[in-house]
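To start, the structure itself, in structure tokens.
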Amino acid sequence: MATPIGLRVKLIRGRTERRGSRRGQALLRLAVTGLAAIGLSQVLPLPSAFGQTYYGTLTATIQLFTPVKSITLSTGSISFSKCQTYHGGTPLATTGMSRSGNGDCAAGPVTVTLNGNAAGSVYIQGSAATPDIGGGVAWSLCGSGSEACSGSVDSDSNTLPGQDQYRVFNTPAAPYSGNSDGLPTLPTSAFGLPGVNDTILPQTTPAPDKLFDSSGNPVNPGTAKNQVFGMSGPGTQSTANATANFFTTSISWTVI
Amino acid sequence: MFVWWRAVAVAAVVIVVSAGVASADIGAGVGADPITLPQPALPGREYSMPPVLVVNTGTEPSRYAVLVQRIRSGEQESIPKEWVQFGKNDFTLGPKESTTVPVKVSIPKDAKPGEYYTNIVVGTLAEGPAGGTALGARAATDLKLKVGEPRPAIPWPWPWWSYAALASAVALSGGMALSRRLGVSIQVERRT
Numbered sequence: 001m002a003t004p005i006g007l008r009v010k011l012i013r014g015r016t017e018r019r020g021s022r023r024g025q026a027l028l029r030l031a032v033t034g035l036a037a038i039g040l041s042q043v044l045p046l047p048s049a050f051g052q053t054y055y056g057t058l059t060a061t062i063q064l065f066t067p068v069k070s071i072t073l074s075t076g077s078i079s080f081s082k083c084q085t086y087h088g089g090t091p092l093a094t095t096g097m098s099r100s101g102n103g104d105c106a107a108g109p110v111t112v113t114l115n116g117n118a119a120g121s122v123y124i125q126g127s128a129a130t131p132d133i134g135g136g137v138a139w140s141l142c143g144s145g146s147e148a149c150s151g152s153v154d155s156d157s158n159t160l161p162g163q164d165q166y167r168v169f170n171t172p173a174a175p176y177s178g179n180s181d182g183l184p185t186l187p188t189s190a191f192g193l194p195g196v197n198d199t200i201l202p203q204t205t206p207a208p209d210k211l212f213d214s215s216g217n218p219v220n221p222g223t224a225k226n227q228v229f230g231m232s233g234p235g236t237q238s239t240a241n242a243t244a245n246f247f248t249t250s251i252s253w254t255v256i
Numbered sequence: 257m258f259v260w261w262r263a264v265a266v267a268a269v270v271i272v273v274s275a276g277v278a279s280a281d282i283g284a285g286v287g288a289d290p291i292t293l294p295q296p297a298l299p300g301r302e303y304s305m306p307p308v309l310v311v312n313t314g315t316e317p318s319r320y321a322v323l324v325q326r327i328r329s330g331e332q333e334s335i336p337k338e339w340v341q342f343g344k345n346d347f348t349l350g351p352k353e354s355t356t357v358p359v360k361v362s363i364p365k366d367a368k369p370g371e372y373y374t375n376i377v378v379g380t381l382a383e384g385p386a387g388g389t390a391l392g393a394r395a396a397t398d399l400k401l402k403v404g405e406p407r408p409a410i411p412w413p414w415p416w417w418s419y420a421a422l423a424s425a426v427a428l429s430g431g432m433a434l435s436r437r438l439g440v441s442i443q444v445e446r447r448t
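Chains as they are written, first to last, in the numbering used here: chain A, 1 to 256; chain B, 257 to 448.
If you want it as structure tokens, here you go:
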């Protein structure tokens with residue numbers, strides 16, 4: 001026969017020992033004294049002369065300056081309507097160029113002014129040119145940085161835009177006078193060819209506008225540049241663009 | 257006499273038209289102070305940045321778009337566009353009007369620590385004539401931040417057993433303290 005095993009639980013109350021060291025008692029007294037002082041300070045009035053000598057009002061104006069970088073254009077659009085039909089041909093006052101053969105056009109002028117109250121660097125960027133027909137192939141910008149032109153090389157060892165490519169550059173409008181055909185007289189060796197101080201417009205990433213500073217260094221507010229643009233069209237075009245009548249594009253300046 | 261008055265009227269019309277076709281500038285301005293965070297950003301967190309001040313410096317109303325585009329190169333990592341959200345976009349400002357655009361940056365959990373940089377660009381949304389070239393004025397400011405080391409991940413909410421363990425620990429320590437205070441001990445003995 002199994003014997004049951006039982007457990008008995010007892011609560012034993014032992015002798016209560018007074019705990020707490022002298023240090024603890026001192027800390028307790030200090031805390032009580034501090035609390036009492038705070039309480040009394042809330043109840044008892046302060047002396048009437050307390051602090052009066054030091055009261056006074058001084059009005060100070062803090063001038064704030066908000067630096068703003070801004071850029072202003074003299075017009076919202078331009079048109080490449082002064083063209084020669086083919087690259088290197090005699091400038092003619094036509095309103096368009098051939099769909100192939102690297103025809104050249106000019107546009108402008110536009111005055112770009114850096115205003116605001118802070119110096120800034122001016123960058124320029126173009127965009128792809130989209131045809132006015134559905135299913136057409138956009139022209140991509142070439143000639144800047146890694147966006148190489150793939151066309152033929154002309155007599156000036158200048159690689160021209162290839163298929164569905166085009167190139168745009170800006171140049172100072174100071175010599176802009178217009179020749180007998182109504183075309184801008186561009187300060188380059190040949191109409192449609194960028195000079196060394198001109199900026200060929202990139203498509204993907206803005207490039208410093210060399211007309212402001214060749215390295216993209218900041219220029220002061222108030223600096224203005226009057227610019228005209230030269231453009232070379234594609235060497236050849238996709239057949240999808242055969243019925244296109246015009247292309248639309250954009251140019252933007254960024255101050256940073 | 258009639259001809260004279262007619263000439264005056266034509267001249268007046270010409271003057272009015274000339275005034276009407278005075279050059280209409282388009283412009284964009286932006287607060288030039290860089291937009292930064294005073295402390296390193298932590299992966300997995302979202303931060304409200306100082307807003308971007310936008311000013312129409314032109315002489316006619318313009319539509320503005322705000323976008324992220326790195327313009328200057330540098331050694332810093334580029335802040336991806338997906339990290340940045342703007343409180344408003346595609347808005348119109350009258351001549352010389354200004355507004356502020358709230359900016360939030362969300363740092364992904366897997367963002368690598370380091371210095372990050374990009375530009376916030378405010379530009380006119382110009383629509384040129386068909387067959388023409390639209391010109392756009394844009395102004396940019398710097399957006400900089402430093403992504404710090406991620407903190408040890410603490411799962412949230414905690415699993416149920418963690419609450420049970422915490423409650424047990426509190427009850428045990430409380431009981432021990434109480435028994436010590438009251439001088440009570442628990443004795444377990446085998447019943448004979």
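Positions of the beta carbon are idealized from the N, C-alpha and C atoms, including for glycine.
- Name the chain A residues that come within less than 7 Å of B:I335, Cβ to Cβ? For a Cβ distance threshold of 7 Å, nothing in chain A lies close to B:I335: the least Cβ distance comes to about 15 Å.
- Query: Of all the options B:P385, B:Q332, B:D289 and B:R394, which has the alpha carbon lying nearest to the alpha carbon of B:E371?
  - Reply: Of the candidates B:P385, B:Q332, B:D289 and B:R394, B:Q332 places its Cα closest to the Cα of B:E371.
- Determine the DSSP secondary structure at B:Q295, reduced to helix, strand or coil. If DSSP states are grouped into helix, strand and coil, B:Q295 belongs with coil.
- Task: Can you give me the start and stop residues for the beta strand (DSSP E) that A:W253 sits inside?
- Result: In this chain, the beta strand (DSSP E) harbouring A:W253 covers F247 to V255.
- Within the 8 Å Cβ cut-off, does B:A382 reach chain A? So yes, B:A382 belongs to the interface.
- Task: Within its chain, find whatever has a CB closer than 6 Å to the CB of A:S238; leave out the 5 residues flanking it on each side and keep chain order.
- Result: The answer, listed in chain order, is V137 and D164.
- Message: Please list, in chain order, the chain B residues whose beta carbon lies closer than 9 Å to that of A:K10.
- Response: Contact of A:K10 with chain B by beta-carbon distance below 9 Å involves S441, I442, Q443, V444 and E445.
- CB contact check: B:R328 to chain A, cutoff 8 Å: At a cut-off of 8 Å between beta carbons, B:R328 contacts chain A.
- Query: So, are the CB atoms of B:Y320 and B:F342 less than 8 Å apart?
  - Reply: Between B:Y320 and B:F342, the C-beta gap is not smaller than 8 Å, which leaves the two residues out of contact.
- Within chain B, partners of A:D209 - CB distance below 7 Å: Here the premise fails: no neighbours, minimum Cβ distance about 12 Å.
- Message: Against chain A, with Cβ distances strictly below 8 Å, would B:A367 count as a contact?
- Response: Judged by the 8 Å Cβ criterion, B:A367 is not in contact with chain A.
- Query: Starting from A:A138 and walking both ways along the alpha helix (DSSP H), at which residues does that stretch end?
  - Reply: Segment: none, A:A138 is in no alpha helix (DSSP H) and carries neither H nor E.
- Item | C-alpha gap between B:V444 and B:L438, whole angstroms | Using only the alpha carbons, I get a separation of about 18 Å.
- Message: Does chain B have any CB closer than 8 Å to the CB of A:W253?
- Response: Yes, its Cβ sits closer than 8 Å to a Cβ of chain B.
- Have a look at A:A37 and A:R23 and give me their C-alpha separation to the nearest angstrom. Distance between the alpha carbons of A:A37 and A:R23: 21 Å.
- Query: Does B:I291 have its Cβ less than 8 Å from a Cβ in chain A?
  - Reply: Any Cβ of chain A closer than 8 Å to the Cβ of B:I291 would place that residue at the interface, and such an atom is absent.
- Message: I need the straight-line Cα distance from B:T356 to A:A240, nearest angstrom please.
- Response: Taking the CA atoms as reference points, B:T356 sits about 45 Å from A:A240.
- Message: Taking CB distances under 8 Å as the criterion, tell me whether A:F212 reaches chain B.
- Response: A:F212 does not count as touching chain B.
- Nearest neighbour of B:S329, chosen from A:V168, A:G108, A:Y123 and A:W139 [CA to CA]: Of the listed residues, the one whose Cα sits closest to B:S329 is A:Y123.
- Cutoff 8 Å; reference A:S215; Cβ partners in own chain excluding five residues on either side: Leaving aside the five residues that flank A:S215 on each side, the residues in its chain whose CB is nearer than 8 Å to its CB run, in chain order, P208.
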